[in-house]
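Under my numbering, the first residue of the sequence shown carries the number 475, and numbering increases by one thereafter.
C-beta: ideal position from N, C-alpha, C; glycine also.
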Amino acid sequence: MIGAMKALSVSVPGRAEAEEEGAKVVVRLSFEANMSTAEHTYYVEEIWTLARAASARSRPPEKAEVLGCPHCGAPFTSSDNQRCDYCGEVVSGGRFDWQVTSIQVVRQDERPPVLTQTVAEVGTDLPTIIDPNLRKRWDSLAHDDPALSVDSLRARVEMIFRELNAGWSALDAPRLRPYVSDGMFDYLRYWIDAYRRQSARNVVDDAAIRRVLLVKVSRDRYYDAVTVRVYAGGHDYTIDARGKVISGSKRRVREYSEYWTLIRGSSVRGAARADANCPQCGAGLKVSMAGACEYCGAHITRGEFDWVLSKIEQDEVYRG
Numbered sequence: 475m476i477g478a479m480k481a482l483s484v485s486v487p488g489r490a491e492a493e494e495e496g497a498k499v500v501v502r503l504s505f506e507a508n509m510s511t512a513e514h515t516y517y518v519e520e521i522w523t524l525a526r527a528a529s530a531r532s533r534p535p536e537k538a539e540v541l542g543c544p545h546c547g548a549p550f551t552s553s554d555n556q557r558c559d560y561c562g563e564v565v566s567g568g569r570f571d572w573q574v575t576s577i578q579v580v581r582q583d584e585r586p587p588v589l590t591q592t593v594a595e596v597g598t599d600l601p602t603i604i605d606p607n608l609r610k611r612w613d614s615l616a617h618d619d620p621a622l623s624v625d626s627l628r629a630r631v632e633m634i635f636r637e638l639n640a641g642w643s644a645l646d647a648p649r650l651r652p653y654v655s656d657g658m659f660d661y662l663r664y665w666i667d668a669y670r671r672q673s674a675r676n677v678v679d680d681a682a683i684r685r686v687l688l689v690k691v692s693r694d695r696y697y698d699a700v701t702v703r704v705y706a707g708g709h710d711y712t713i714d715a716r717g718k719v720i721s722g723s724k725r726r727v728r729e730y731s732e733y734w735t736l737i738r739g740s741s742v743r744g745a746a747r748a749d750a751n752c753p754q755c756g757a758g759l760k761v762s763m764a765g766a767c768e769y770c771g772a773h774i775t776r777g778e779f780d781w782v783l784s785k786i787e788q789d790e791v792y793r794g
């Protein structure tokens, strides 16, 4: 389970060079992740190098997750690991999509998830990091979608906050599924499963948001993204199977802040919603693990209809 990813470098050939045969775009990424096997859990840091032809173009997000032939889209089968048996195209070498060319293991430690340690807050009082282009990009987003407002976005954040804490405290992954992206759900489910394996439960009682500050807006061809700093407080503690507190406190309120990034499809318009109903059919939100409404079948967790939580970053590590 990837916990953090950062781009280290991007190499793009110039216009003249890009037209030459074999010209490639090369990206280097660093990962921090937890990797589980049947008996062991590892913390790993790796650097991956990926390359693709300079002429290749990115597929839309819903197709980028499908491991099919990058040329024709059919399930990939190959007799020589280079040519698609269905369309006959050679797809190796990054001709149509990214290909991993090297993996460097920087660190690998056997380390089970730390679930019962009380960790002091260290970043709550740090200054808020606000993107210098925030006002310009928010104005652009508001111009394209006049129905969107900071108030409706804040209400959406508060609703997700309540549902997220309720589902997390009850180890109830389906409850939080409608409000988080696919990747975020995998991350949260990893930790919920880790608590279950240790017969423990992290509880957040009486949690309430104190402030929500808009700090960043990003826009691209497929998504709009907003990042907010959420100041909140509540009783945060972990209990074992008998209900005994093994870390944290039921009496002391823990104040904290986090940076939340929410995404929505770039073509979606309208005020952010704060109700627990399917935005497509209006039924009560009951969403499959794949992110689709169980009543009408509409997929909703890629931000197809409204803002979903895509990332949570701790205040002491957020860099903007």
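Look at the Cβ atom of residue i, then the Cβ atom of residue j, and state whether they are nearer than 7 angstroms.
{"i": "Gln582", "j": "Val631", "result": "no"}
{"i": "Arg675", "j": "Ile713", "result": "yes"}
{"i": "Ala745", "j": "Ser626", "result": "yes"}
{"i": "Val501", "j": "Val486", "result": "no"}
{"i": "Phe570", "j": "Pro549", "result": "no"}
{"i": "Arg663", "j": "Ala647", "result": "yes"}
{"i": "Ser721", "j": "Val677", "result": "no"}
{"i": "Asp780", "j": "Arg747", "result": "yes"}
{"i": "Tyr705", "j": "Tyr792", "result": "no"}
{"i": "Val782", "j": "Val654", "result": "yes"}
{"i": "Met475", "j": "Phe505", "result": "no"}
{"i": "Leu615", "j": "Asp698", "result": "yes"}
{"i": "Gly794", "j": "Asp679", "result": "no"}
{"i": "Val579", "j": "Glu520", "result": "yes"}
Taking buried to mean at least 16 other C-beta atoms within 10 Å of its own C-beta, is residue i buried or exposed?
{"i": "Gly765", "result": "buried"}
{"i": "Lys724", "result": "exposed"}
{"i": "Cys767", "result": "buried"}
{"i": "Met658", "result": "buried"}
{"i": "Val540", "result": "exposed"}
{"i": "Ile666", "result": "buried"}
{"i": "Gly771", "result": "exposed"}
{"i": "Gly568", "result": "buried"}
{"i": "Gly717", "result": "exposed"}
{"i": "Gly488", "result": "exposed"}
{"i": "Gly496", "result": "exposed"}
{"i": "Ser784", "result": "buried"}
{"i": "Val484", "result": "exposed"}
Could you work out which residue in the options is closest to residue i when comparing CA atoms only?
{"i": "Asp789", "options": "Arg533, Ser731 and Ala507", "result": "Ser731"}
{"i": "Leu796", "options": "Ala681, Val700, Asp679 and Val677", "result": "What is shown of the chain runs 475 to 794, which leaves residue 796 out entirely."}
{"i": "Thr590", "options": "Ala668, Pro535, Gly758 and Ala750", "result": "Ala668"}
{"i": "Gly547", "options": "Cys561, Ser553, Asn555 and Pro535", "result": "Cys561"}
{"i": "Ala682", "options": "Asp660, Ala647 and Asn639", "result": "Asn639"}
{"i": "Asn612", "options": "Ala772, Ser762, Ser504 and Ser692", "result": "Sequence inspection shows Trp at residue 612; the Asn mentioned does not correspond to that position. Here the closest residue by C-alpha is Ser692."}
{"i": "Val596", "options": "Asn555, Val579, Arg728 and Gly777", "result": "Arg728"}
{"i": "Arg649", "options": "Ala497, Val761 and Arg776", "result": "Val761"}
{"i": "Val719", "options": "Val564, Glu495, Thr592 and Glu778", "result": "Thr592"}
{"i": "Thr735", "options": "Val742, Ala538 and Gly777", "result": "Gly777"}
{"i": "Arg743", "options": "Tyr711, Met633, Leu622 and Lys610", "result": "Leu622"}
{"i": "Ala594", "options": "Met633, Gly542 and Tyr711", "result": "Tyr711"}
State the CB to CB distance for the pair residue i and residue j, rounded to an integer number of angstroms; the pair is presumed to be in contact (CB under 8 angstroms).
{"i": "Val689", "j": "Arg671", "result": "That belief does not hold up - the Cβ atoms of Val689 and Arg671 are roughly 36 angstroms apart, past 8 angstroms."}
{"i": "Ile774", "j": "Pro652", "result": "7 angstroms"}
{"i": "Ala757", "j": "Tyr769", "result": "4 angstroms"}
{"i": "Ala481", "j": "Leu503", "result": "6 angstroms"}
To the nearest angstrom, report how far apart residue i and residue j are at their CA atoms.
{"i": "Ala527", "j": "Ala629", "result": "44 angstroms"}
{"i": "Thr523", "j": "Asp599", "result": "37 angstroms"}
{"i": "Gly739", "j": "Ser553", "result": "38 angstroms"}
{"i": "Arg585", "j": "Ser532", "result": "36 angstroms"}
{"i": "Pro620", "j": "Tyr661", "result": "33 angstroms"}
{"i": "Asp618", "j": "Ile786", "result": "26 angstroms"}
{"i": "Pro587", "j": "Thr511", "result": "13 angstroms"}
{"i": "Ala530", "j": "Arg695", "result": "16 angstroms"}
{"i": "Ile603", "j": "Arg685", "result": "15 angstroms"}
{"i": "Pro753", "j": "Glu563", "result": "41 angstroms"}
{"i": "Met763", "j": "Gly477", "result": "20 angstroms"}
{"i": "Cys755", "j": "Ser673", "result": "38 angstroms"}
{"i": "Thr515", "j": "Glu491", "result": "45 angstroms"}
{"i": "Cys558", "j": "Pro534", "result": "21 angstroms"}
{"i": "Ser741", "j": "Val624", "result": "19 angstroms"}
{"i": "Lys610", "j": "Pro601", "result": "21 angstroms"}
{"i": "Ile634", "j": "Thr551", "result": "41 angstroms"}
{"i": "Ala471", "j": "Met509", "result": "Residue 471 is absent from the structure shown; the chain starts at 475 and stops at 794."}
{"i": "Leu759", "j": "Ser566", "result": "42 angstroms"}
{"i": "Gly708", "j": "Leu645", "result": "18 angstroms"}
{"i": "Ala538", "j": "Asp656", "result": "13 angstroms"}
Just to check, is the beta-carbon of residue i closer than 6 angstroms to a non-hydrogen atom of the ligand ATP?
{"i": "Ile603", "result": "This structure lacks the ligand ATP; in fact it carries no ligand of any kind."}
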